[in-house]
Amino acid sequence: MSETRPLWVFAYGSLMWNPGFATPETRRARLHGWHRAFCIYSEHYRGTPQRPGLILGLLPGGACRGLAHRLPVRGYDAVRRYLVHREIDHDGVYEETVRPLLLDDGRTVPALVYLADRAHRQFAGKLPQARAAALVRHGHGVTGSNVEYVRNTVAHLREMGLRDRGLEDLARRAGAA
Numbered sequence: 022m023s024e025t026r027p028l029w030v031f032a033y034g035s036l037m038w039n040p041g042f043a044t045p046e047t048r049r050a051r052l053h054g055w056h057r058a059f060c061i062y063s064e065h066y067r068g069t070p071q072r073p074g075l076i077l078g079l080l081p082g083g084a085c086r087g088l089a090h091r092l093p094v095r096g097y098d099a100v101r102r103y104l105v106h107r108e109i110d111h112d113g114v115y116e117e118t119v120r121p122l123l124l125d126d127g128r129t130v131p132a133l134v135y136l137a138d139r140a141h142r143q144f145a146g147k148l149p150q151a152r153a154a155a156l157v158r159h160g161h162g163v164t165g166s167n168v169e170y171v172r173n174t175v176a177h178l179r180e181m182g183l184r185d186r187g188l189e190d191l192a193r194r195a196g197a198a
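Here is the structure:
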């Protein structure tokens, strides 16, 4: 298969616990060169324009552990449309790209990855923890509370045996722990 039809998508936030499609295979995975960060103001899913929440994006540097969901062969185009709608259409704050992922079984596969667009008006960058926690505490959008988003992310990372001290600190400060 060519890179124009990647068979995997990298999940590092809500895609870990709510991919929104039936995946034939899910593996633990690592993306090199990028790290998970609460760096995007959410004005739709976890906040509003008047009271934005704060969601995850990927920023350059380090490595990020998450999950890789294999995309189904049957219904592939519908799943791709769904992912574009979910990750790009509402706010346009993510850029879709294809990057190599290292799966836990040793395979390296090309995968869809959604990176934070650092030129987008909703890009927050790295905020002080107190400011980030305030945004999380008050954020609520069409898919629920921002606190729930943080709580689910921490819980799923723990299920994978992963600790993210910065994320855990944010969860405590925001009342999500």
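Residue numbering for the sequence shown follows the working numbering, starting at 22 and increasing by one per position.
Note that the Cβ used here is the ideal one computed from N, Cα and C, for glycine as well.
Under 7 Å between C-beta atoms of residue i and residue j
{"i": "C60", "j": "G82", "result": "no"}
{"i": "C85", "j": "R57", "result": "yes"}
{"i": "R152", "j": "V134", "result": "no"}
{"i": "R49", "j": "D125", "result": "yes"}
{"i": "E116", "j": "L136", "result": "yes"}
{"i": "A132", "j": "L123", "result": "no"}
{"i": "R15", "j": "T129", "result": "Residue 15 is absent from the model: the chain starts at 22 and stops at 198."}
{"i": "Q143", "j": "V114", "result": "yes"}
Residue i to residue j span [Cα, whole Å]
{"i": "L191", "j": "W38", "result": "19 Å"}
{"i": "D17", "j": "W55", "result": "Since the first and last residues shown for the chain are 22 and 198, residue 17 lies out of range."}
{"i": "E46", "j": "G165", "result": "27 Å"}
{"i": "M22", "j": "V105", "result": "Interpretation of M22 is limited by its pLDDT of 40, a score under 50 that renders its predicted location unreliable; the figure taken from the coordinates is listed afterwards. Each residue's alpha carbon lies about 20 Å from the other."}
{"i": "I109", "j": "N173", "result": "22 Å"}
{"i": "G127", "j": "R102", "result": "29 Å"}
Environment of residue i [buried if 16+ CB atoms lie within 10 Å]
{"i": "E64", "result": "buried"}
{"i": "G160", "result": "buried"}
{"i": "A99", "result": "exposed"}
{"i": "G177", "result": "As written in the sequence, residue 177 is His, which differs from the Gly given in the question. By the neighbour-count rule (16 or more Cβ atoms within 10 Å), H177 is buried."}
Nonlocal neighbours in the same chain, by C-beta distance under 7 Å from residue i, ignoring five residues either side
{"i": "G162", "result": "S63, H65, Y66, R67, G68, T69 and G74"}
{"i": "V171", "result": "V157, L191, A192, A195 and A197"}
{"i": "T118", "result": "V134 and L136"}
{"i": "Q150", "result": "D190, L191 and R194"}
{"i": "P80", "result": "In the sequence as presented, Pro is not what sits at residue 80; that position holds Leu. Excluding positions up to five away in sequence, the list reads W55, H56, A58, C60 and A137."}
Neighbourhood of residue i by C-beta, 8 Å cutoff - its chain only, sequence neighbours within 5 removed
{"i": "N167", "result": "S63, R67, G68, G74, L75, I76, L156, V157, R158, H159, G160, H161 and A195"}
{"i": "G146", "result": "C60 and R139"}
* **Ranges of the beta strand (DSSP E) found wholly within the region 112-190, counting only runs of at least 3** => 115-124 and 129-137, all fully within the region 112-190.
* Fully enclosed by the region 61-116, which beta strand (DSSP E) runs are 3 residues long or longer? -> Entirely contained in the region 61-116, the beta strand (DSSP E) runs reaching 3 residues are, in chain order, 74-91.
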